[in-house]
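Note sheet for the following structure.
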Amino acid sequence: MDGLTIALPTGRLWDDASEMLRRAGVALGPAAGSRQLLIECPGGVRVLATKPTDLLVYVEQGAADAGIVGRDMILEQSRDVYELLDLGFGACRAVVAFPRDRAEALWQPGRLLRMATKYPRLTARYFEEQERPVEIVVLYGSVELAPQVGLSDGIVDLVMSGGTLRANRLQEVAEIATSTARLVVNRASLSCSPRVMEFVDALRAAVSPTVSTTRA
Amino acid sequence: MRGRRLRSGRWRQVPAGMRDQTREDVAARRRVEARLHEVFARWGYSEVATPTLEYLDTFLRAAGPAFADRLMKLVDTGGEMLALRPEMTVPIARLAATRLLPGGAGPLRVSYIATVFRGQEAGSGRLREFTQAGAELIGDGSAHADIEMIALAAEALQTARPHQATISLSHAGFLRGILSTLSDDDAEMAQDLLYRRAFAELERVVPAGPALDVLRLVPALRGPDALERAAPLAVSAESRAALAALRVALDGVAAHDLGVRVEVDLGLIRDFDYYTGIVFEAHAGRVGQPLLGGGRYDGLVGRFGHAAPATGFALSVERLLEAGAVVEAGRATIVMRYPDDRYGRAVRVARRLRDAGLGVVMVPVGAPHGVSDAACTVTIGDDGFDVSANGERAGGESGGLADRVRSALEADEWTA
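So the protein sequences, as listed, match chains U and Y.
Residue 884 in my numbering sits at position 42 of the first sequence, and the numbers go up by one each step.
Residue 517 in my numbering sits at position 371 of the second sequence, and the numbers go up by one each step.
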């Protein structure tokens, strides 16, 4: 009965996340994550391969005890989970960007902006804090396209190297948040399952082998 | 056109986060609710009820403006903002401060079972209407009151015997004492992160020092030896007092022999910021969210004009049902068939059975009865009646019921 279910995000964090899991003692098979979505590992550990946007629901509702997810998702979704560890990989930044030739003119205080983004709540919160009026266009694909065809004035999106922005002639004007991969844990699992805390400690050791575990 | 088609089919659905409840659902819920009423009554808590709607101001006064986002609101005919109650502690604090405490002798022990409403986002998988059962002890600021509330919460939990239930205890003063050693700005940011349970973010916000060293360890400060491990980390008098209060509570709770695991979890952070002292939550193995939560809220009642220390808890009846194994078959129902010219006799027989506590559905011979799980059939004839048990299990539940029917009826000659 005392199994452990861990949710991992498919996509850009998958490789680093499964490597980190391996260092914490959970080995995934080679086919994991591509087709196979529910992976049984030795020692009663189950790994779920979920979309990054879905991962926090699994953990919040207790379908998974723990999960690895970008901080961008945590900020966007405001789910009721414990965010316990910064795993260090998957670094990226959420930024506001506009077409290079109009960036300065558009980013004037008080100007109503149409912003295309996959992060509507993060965007709304940031513009509210900045006291800038905004209309948000929610997209699920490549938001860089939107300002080039007049769908929006600018975008709010994640950047890693900035290469995509440059290729689409966009210029960053503000940083909203920085993100790295985080370990999130279900509230009840933390209380009811001793294996979860062991897993947290194993992962903490895997992140920074020199630092001792949480046990004081 | 598409919009119109969508709207016209909406009557088939109920609003997001709301549920229809079928016979079995309601039967199981009523069973648990009846047990909860019984537990509360045995501990001397009397039930109160407040309106489903309150003025929005009532909740904002109690819990601050940020609370408004979590409410379902509507506008009254006069333009006032109303809110569906999101929980019962605030309405009861209002009731106590304005009606019950003035002129009365404290302390008050009150309980409730009530539907509450939250403005959760659609698609979040959370209910927007659910049932809370709870108790409040108002006017007693002692450790005895804290212990009583934890013990009562444990007993309320046991009404559904949830699998692997654990009650976690903490004290709002422990973290408050640690945050008080930080600058106001740092404390505010750290507090915000703690409410969001973003422990991984603390290191970026809180400057290195004794406070950060403690905050970093907080999620792991749980379990049987948590108080011992926390003792050297209590960097302020308030934190030390909190640990001492937890020790007293743990010892007091141990005397109750509760049958539920109770342990300290200093990483426990309650969602409402009106808590001031001992706080607690219960979890069970199969449910990802707390089954119940509560604690001491000494400042809240005073916000409604009559200061009084108080403690209480609220239990989610839906989550308790999910965690436990309450199977409620419902009352066994008898189908009574009668020929048209024997209606008078049939009514007399039915009355007799109903008085004996049995459920009876009356239908003319040959008509459909609509009872999916009829336990037995009584057929009224020209000279007497015939009783037949349904189902194969002779001597089982149905057979036993048939015998009860016979004995209820055969005792009297008037049925003949």
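Virtual Cβ for every residue (Gly too), placed ideally from N, Cα, C.
Treat the numbers as computed from the prediction; the structure is a model and nothing was measured.
The beta carbon of N1010 (chain U) sits no closer than 7 Å to any beta carbon of chain Y. CA-CA distance, I848 (chain U) to A1023 (chain U), rounds to 14 Å. Neighbours of A344 (chain Y) in chain U, taken as residues whose beta carbon is under 8 Å from its own, are I916 and E925 in chain order. V425 (chain Y) sits close to A318 (chain Y), with the two beta carbons spaced by under 7 Å. Not flagged as an interface residue toward chain Y: S1050 (chain U), since no C-beta distance is shorter than 7 Å. Between C522 (chain Y) and A496 (chain Y), the C-beta gap is not smaller than 7 Å, which leaves the two residues out of contact. Taking 4 residues as the minimum length, the alpha helix (DSSP H) runs contained wholly in the segment 222-248 of chain Y are 235-241, in order along the chain.
Secondary structure of F931 (chain U) (DSSP, three-state): coil. At the C-beta level, A346 (chain Y) and L927 (chain U) come within 7 Å of one another. At least one CB atom of chain Y sits nearer than 7 Å to the CB of C1034 (chain U).
When the beta-carbon positions are compared, T852 (chain U) and R935 (chain U) stay at least 7 Å from each other. Annotation for I296 (chain Y): the continuous alpha helix (DSSP H) segment containing it runs A289 to L303. Runs of the beta strand (DSSP E) lying entirely within the segment 419-480 of chain Y, each at least 3 residues long, are 424-430, 433-442 and 456-462 in chain order. At least one CB of chain U lies nearer than 7 Å to the CB of P365 (chain Y).
The Cβ atoms of L929 (chain U) and A958 (chain U) lie no closer than 7 Å to each other. Bounds of the beta strand (DSSP E) holding G912 (chain U) are A908 to G912. At a cut-off of 7 Å, the C-beta of Q903 (chain U) has a neighbouring C-beta in chain Y. Residues I324, A336, L348 and V352 of the same chain have their beta carbon placed closer than 7 Å to that of L361 (chain Y), with the five preceding and five following residues left out of the count. Just so you know, the alpha carbons of V889 (chain U) and D943 (chain U) end up roughly 47 Å apart.
In this structure, DSSP gives R368 (chain Y) an extended state, which the three-state scheme calls strand. In the three-state scheme derived from DSSP, where H, G and I count as helix and E and B as strand, H317 (chain Y) is classed as strand. For F186 (chain Y), the uninterrupted alpha helix (DSSP H) run begins and ends at R169 to R188, by DSSP.
For V899 (chain U), the C-beta contacts it makes with chain Y under 7 Å involve G271, in order along the chain. Using a 10 angstroms sphere on the CB of M234 (chain Y), the tally of other CB atoms reaches 16 or more, which defines it as buried. Any Cβ of chain Y closer than 7 Å to the Cβ of R1024 (chain U) would place that residue at the interface, and such an atom is present.
Scanning the segment 476-539 of chain Y for uninterrupted alpha helix (DSSP H) segments of 4 residues or longer gives 489-501, listed from N- to C-terminal end. Chain U places a beta carbon closer than 7 Å to that of Q310 (chain Y), counting this residue as a contact.
Under the 7 Å criterion on CB atoms, S385 (chain Y) is classed as non-interfacial with respect to chain U. Taken in chain order, the complete beta strand (DSSP E) segments of 3 residues or longer contained in the segment 914-995 of chain U are 924-928, 934-941, 955-959 and 976-980. For G280 (chain Y), the enclosing beta strand (DSSP E) starts and ends at E275 to I284. Taking a beta-carbon distance threshold of 7 Å, H429 (chain Y) counts as an interface residue toward chain U. A966 (chain U) is outside the set of residues whose beta carbon lies under 7 Å from a beta carbon in chain Y. Burial state of Y341 (chain Y) is exposed, judged by a 10 Å Cβ sphere holding fewer than 16 other Cβ atoms. For S314 (chain Y), the C-beta contacts it makes with chain U under 7 Å involve S1033, in order along the chain.
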